[in-house]
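Let me begin by presenting the structure, written as C-alpha cells, before commenting on it.
Residue numbers (the numbering used here): 1013 to 2212.
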C-alpha cells in the first residue's frame, strides 16, 4: 500500500490527467495567425471559458477541447470538443475546492503556516494544527463555530512537517504524535515505538480534551460525529483502528514459489511500510475503542493486539474526523462493519483478518446534468490499490440501485444482490505486499462497453439523478466470488464516470413566414421562412435546417436544405420562390434541424401555413433610435422610446400596431397619404419584444405585418426600497440608498402577521413615516408598490369591520396635496383599492384621475395582506392600478403631470382644507415592502420570469414571489443518526424525528436514507428500508417542528417530493399544521384514502365554532412506489386553494378559502401524533409565505 502522500497525489494527478488529456494537444494554428482587420482576436492559449456558449465557440475556433467553467464543481468538470460533443467527468469524491474569490484550486493538503498555525493549502475542511507549545492540537472551523482538540499531557514540541503530516516527537517516552490533513478533514495518530511505550498507562486510555461550539457525539458502530449547536452533523469518524508494522507478504497476497525466502524478506523490507497516515497491506490491525464523556475524548488501543508477541513496532493508533462527502458504500457477507479506507471486493484473506467473508463495493455518480442528453461513449474508471494475485484477475461491474447509507457506510448484503445489471469486466493486478518479487504499481480498472452506454442512457431517459456501479468478484452467472485470487482493494476517492454526450437539437419553434405569424396572408411570392433553432448545447453548436413545403390541400411535398445557424438563435431558415402562379394560393411548411454531431431534432416542427396576395401594400418600415433590432439589448421594461413607421407606398393612410401577446385592442393612427409616424411606446417586458405593425391604404387593403423584433435590457432596480420588517435588521432603512424613514406618532412593529418570528411596520391611525429628498419625479413615468394589511376598524366588535373613511398607504407630497395617493378610498359608499392622481398642486379646482378597483372590499379583506401597485405611463398617459398582481383598472390622464418636491409619506397623504395643509387619511394596520421606480412597472416585474434563451429573458423573481420560510433537503442527513434537521433558510427551524431513538433499533419507524428523489438523502417513514437499517416498527413515525411555520391566515405554498409505498384505508399526510377542532386555522397536504388522490385543504374557522374546509384534489390517483412532486397553494387574493402534481395545475380547486392563523406545530409525515402516518419517503420539503403562480410551481418542479 502506498503512503498517504503518494496516494493523495496520485489521486489528484489522475483527476488532473483526465482533464488534461482532453484539453491538451498541439497548439492550434489559430493562436499564431494574425486576426484580419476588424475581427476579434481569439485567445487560443485559454483552456477554459466562462460558459457553454463561450467554450463551444473557443473550441471550434481553436480546434481543441475547452472546459466549461460554469459547469465545474467540486466533483465534476465538462469539456467541449471542437465537434460540439461534451464530456462529463464526475467523481465520487471532491477533487477541487472553490475559494472565496471564486477561483478553483485542486485539493492539496500540504501543510504551511497560516495565521500562526499549520494549515493545509486547499481542502474541503477548515482545519489547522498546533505549531508547538500550548493551545489546541487541532482547530476545526465551520462557519462561525469551532471545534478544538487538545493534547492532554502538556505543551507540544515544534513539529517536523513533511507534506500533509506534522510530527510532534517524544510527546512521551518512545511516543510520537502525528496529525495529518486529509482532503476532507484530518487524522491524529499516536505512534508507539517500543513495547515499553505500549505499556504506558497513559497510552492505554489516552484522554484528549475537546472544546468549542461543535461537540463530539457517539455515532453508530463505534464511530463518532462532530455536530453543531443544532445537532446537524459536520463531520464523522471512520471506524477507529490501530495497526502495526508487520511486513510478511503472505498476510495480504500471493507469494510466488519462484521468490526465495531471502527474496521474500528482501521484497518485504523494500516494500511500502506502515506509516502514521495508513497501514501497510501487510499490517496487523485491530479496532480502537473511542468514547466521549463531557469534554474528554478517550482513545483505548486494543489490549489483545498490544499483548501479542508477534506485534511489530512501531504501532499506530488512529481516530480521525472527515466530512466524508465521498459517495461510496460496501456490503459484507457476514454483516460486520469494517475499516473504510479502501473499497474491498472479493474474499478477504484469513491472515489479513478474514474469516471467509466476502465484500462488494458501490460507487454513486451524480448524473443529474445529463438529463435530456444522448450518450456517445461512457467509461467507469476506478483505481486499484492492491490485489491478492500477482497476475491479472477479474472484477465485474454492475449497475445497482442507489446507495442508501451515509458515505463509507455498510449496506445489508441481501438488499444489493449481485450480479445485477451487467456492465463490463476488467482484469488486472496491483500487488504491493511484496510476494510477487516486486511492488506492483497502482492501476486503473476501466469499464467500457456498449452495455454500459445503453444502460446509462436508459437511466438518463428515466430521469435518474445518480448512477450506481457495484463491483463484485462474481461473474454474470454468480460464479467465482470466493476465489481468493480475485481479492482486491480499490481507492474510495479515485472513481470516475466519464461520459461523452451530445444534446439533440430541440424541435424548432416560433415559425413565421416573411415575419408573419402562421396562417397569415403575405404580400410576396418569395417568402422568407424563419424559425427558432433551439439547442441546449448553446450557440457554439451549429444547426442545419431542413424544411419541407407543399401547396394545400394536397400538393406534393418539396424538401429543401436551409441555412446553417448557431444554436439558440432565431432567424432565416431559408427562402422559397413560388412564382406568379402562387397568387391566391395557400401553402404550408415545416422544419427540423441537425447539429454538428449528426443528431436531428426529436421531431419536425408543426406545419405553418400562409396565403400569397401580392396586390397589397408593402409592409411598413419600423425603426427606433433606442430599441434597435440589431441583437443588442437596450433600455429596459417600462422604459419608453420612439418607434417610427414608414409607409413604403404613397397611398398608405393609417398604421395599426401592438405588442405580441397583448390582450388589449391594437392601436390605429391615421396619417396623411404616404406619411410616416413616430409613436412613443413602452416595451412590456425584458428580453425579446415584438412590435407588430401593418399599414392600410386608401382602398382599405392591409399590408403584411412587420414583426419588429428587438431585445430589451434587464429591469432596472427601484429608486428606493423600504422592506419595513425586522428581517436582517431592515427596520426603516432604504435598502438602495440607506435613506431612513422618520416616524411621526407611534409607528410600532406588529409580530407574526405575515411571517412567524418577524414584525412589520404598524400604524395606529395617528402615526406615519416620511422621508425627504426621495428622487421620485412624478411628472414623468413612475411606479409605486407595497404590501398592505387593513386593521379591524372596530376592535371592540368581535366581527371584523371595514373602515368608513379613506386610508392612504403611500403618497408624495407637494405643497397643497400629494401628487398621488395609493390606498383604500370610499367611492359610492363602498371601500375600494385606489390609485388617485390630482391634476395640479392646488387646494381647489383639481381634476382627480383615479384607477379605482371595480370590486369593493369586504370584511374578508380585513387582516389579509394585499399587494398594491400604482403606475403612471407618461408615454401612453395611462394611470393603472394592480391588486395582487392583476391589472384591475386603467384610466387616461389628460392633464400634464406635475412634480411633487415634498417628502414621501407612508401611512398618510397630504390634503389642504380651508387653507390648512395637513396629513390625513391615516392608515391603520401594517405596510411593508414599499418600492418606488422611475419607470413603468410591467407584468414581468410583478410575476417574475424564467430563464428562456429563446425569449432572451433571465430568471427573475417577481414582486409577488413567495418568501421561502423553511426548506429541508436532507442532503447528508444519513450521517446524522436520529438528529433533528435544520431548515436551510434564514429562520433555521428544526425538524425533530419521533420514532427514531437509535438508528438501528428494531422498532425504528422514521429516519434518514440515501434512497431519495434527488440522489442525495431523504426522510423515510413507517416502511422497511432497502439498507436493512430501519423497519416499519409500530408505524407511528413522523417529524415535527416545535411551533408553527406558516401563517395559515395568509397566502401560502407547501411543496414536497413524496413516495407512497402502500395504499391504506386512512389518510396519509405529508404536511399538516393547525388544530381545526380548537377553532384555529389549519392546512394539510395528504393522500385521501377514499379516492387515493392527492389533496390540499385549508380550514377556516367560523365565529362561535365549527368551520369549513376548502379542498383541491389531483386529477388522477396516486402512483404507488414512485416519486412525485406535490404542491399545495392557498391564494388569499383569489380565495382559493390549488394543487399541482409534477408541476401541472390540477382541475379541481377549492373556492371560498379564507384561512386563519394557527399556533400548532408543523407535522411532517403525519396529521398528528395519533393518526395520518405516511408510509414511504419525503424529500425536498419547502414551505413559502405567499401563493406561487403556475409558472413558479412549474419552475420549482423543474429545478428540484
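All C-beta atoms, glycine included, are put in the ideal place defined by N, C-alpha and C.
It should be emphasised that the depicted structure is a prediction, and the values quoted were computed from it without experimental measurement.
Taking 8 angstroms as the upper bound for CB-CB distance, residue 1430 and residue 1459 are not in contact here, some 14 angstroms apart. For the pair of segments examined, the region 1969-1976 was found not to touch the region 1803-1820: the number of CB pairs separated by less than 8 angstroms stays below three. Nearest to residue 2141 by C-alpha distance, out of 2134, 2172, 2063, is 2063. Between residue 1635 and residue 1506, the alpha-carbon positions lie close to 60 angstroms from each other. Residue ranges of uninterrupted beta strand (DSSP E) with 3 or more members, entirely inside the region 1585-1609 and ordered along the chain, are 1598-1606. Of the candidates 1126, 1445, 1222, the residue whose Cα lies closest to the Cα of residue 1143 is 1126. Look at residue 1074 here: in three-state DSSP terms it is helix. A direct Cα-Cα distance of roughly 11 angstroms separates residue 1229 from residue 1246. Between the region 1399-1412 and the region 1440-1449, the count of C-beta pairs closer than 8 angstroms reaches three or more; the two stretches touch. Rounded to whole angstroms, the gap between the alpha carbons of residue 1966 and residue 1727 is 10 angstroms. Spanning the alpha carbons of residue 1356 and residue 2152 requires a straight line of approximately 45 angstroms.
For residue 1580, the secondary structure class from DSSP, reduced to helix, strand or coil, is coil.
In the structure shown, residue 1478 adopts extended strand secondary structure according to DSSP, grouped into three states. Look at the beta carbons and you see the region 1256-1271 not touching the region 1174-1191: under three pairs across the two are nearer than 8 angstroms. Contact between the region 1374-1385 and the region 1498-1517 is present, with at least three C-beta pairs closer than 8 angstroms.
In this structure, the CA atom of residue 2019 is about 18 angstroms from the CA atom of residue 2054. Note that the C-beta distance between residue 1558 and residue 1570 is not below 7 angstroms. Taking 3 residues as the minimum length, the beta strand (DSSP E) runs contained wholly in the region 1371-1439 are 1386-1399, 1405-1412, in order along the chain. With contact defined as three or more Cβ pairs closer than 8 angstroms, the region 1711-1724 and the region 1676-1684 are not in contact. In this structure, residue 1744 sits away from residue 1918, with a CB-CB distance that is not shorter than 7 angstroms.
The beta carbons of residue 1783 and residue 1915 sit about 6 angstroms from each other, so the pair counts as a contact at 8 angstroms.
Between the alpha carbons of residue 2138 and residue 2186 lies a gap of roughly 14 angstroms. Runs of the beta strand (DSSP E) lying entirely within the region 1732-1775 and spanning at least 3 residues, in chain order: 1732-1734, 1754-1756, 1760-1763.
In the structure shown, the three-state DSSP call for residue 2087 is coil. By the neighbour-count criterion, in which 16 or more other beta carbons inside 10 Å mark a residue as buried, residue 1423 falls on the buried side. Counting only the Cα atoms, residue 2146 lies some 36 angstroms from residue 1930. Residue 1654 is bridged by DSSP to 1692.
The three-state reading of DSSP puts residue 1465 in helix, counting H, G and I together. Where residue 1904 is concerned, the enclosing beta strand (DSSP E) starts and stops at 1898-1904.
The alpha-carbon separation between residue 1055 and residue 1161 amounts to approximately 50 angstroms.
The C-alpha of residue 1078 is placed about 7 angstroms away from the C-alpha of residue 1070. When secondary structure is reduced to three states using DSSP, residue 1208 falls in the helix class. The beta carbons of residue 2099 and residue 2066 sit no closer together than 7 angstroms.
Remark: C-beta atoms of residue 1467 and residue 1533 do not approach each other more closely than 7 angstroms.
Annotated three-state conformation of residue 2135 is coil, per DSSP. Cβ-Cβ separation between residue 1845 and residue 1899: approximately 12 angstroms, too far for a contact (criterion under 8 angstroms).
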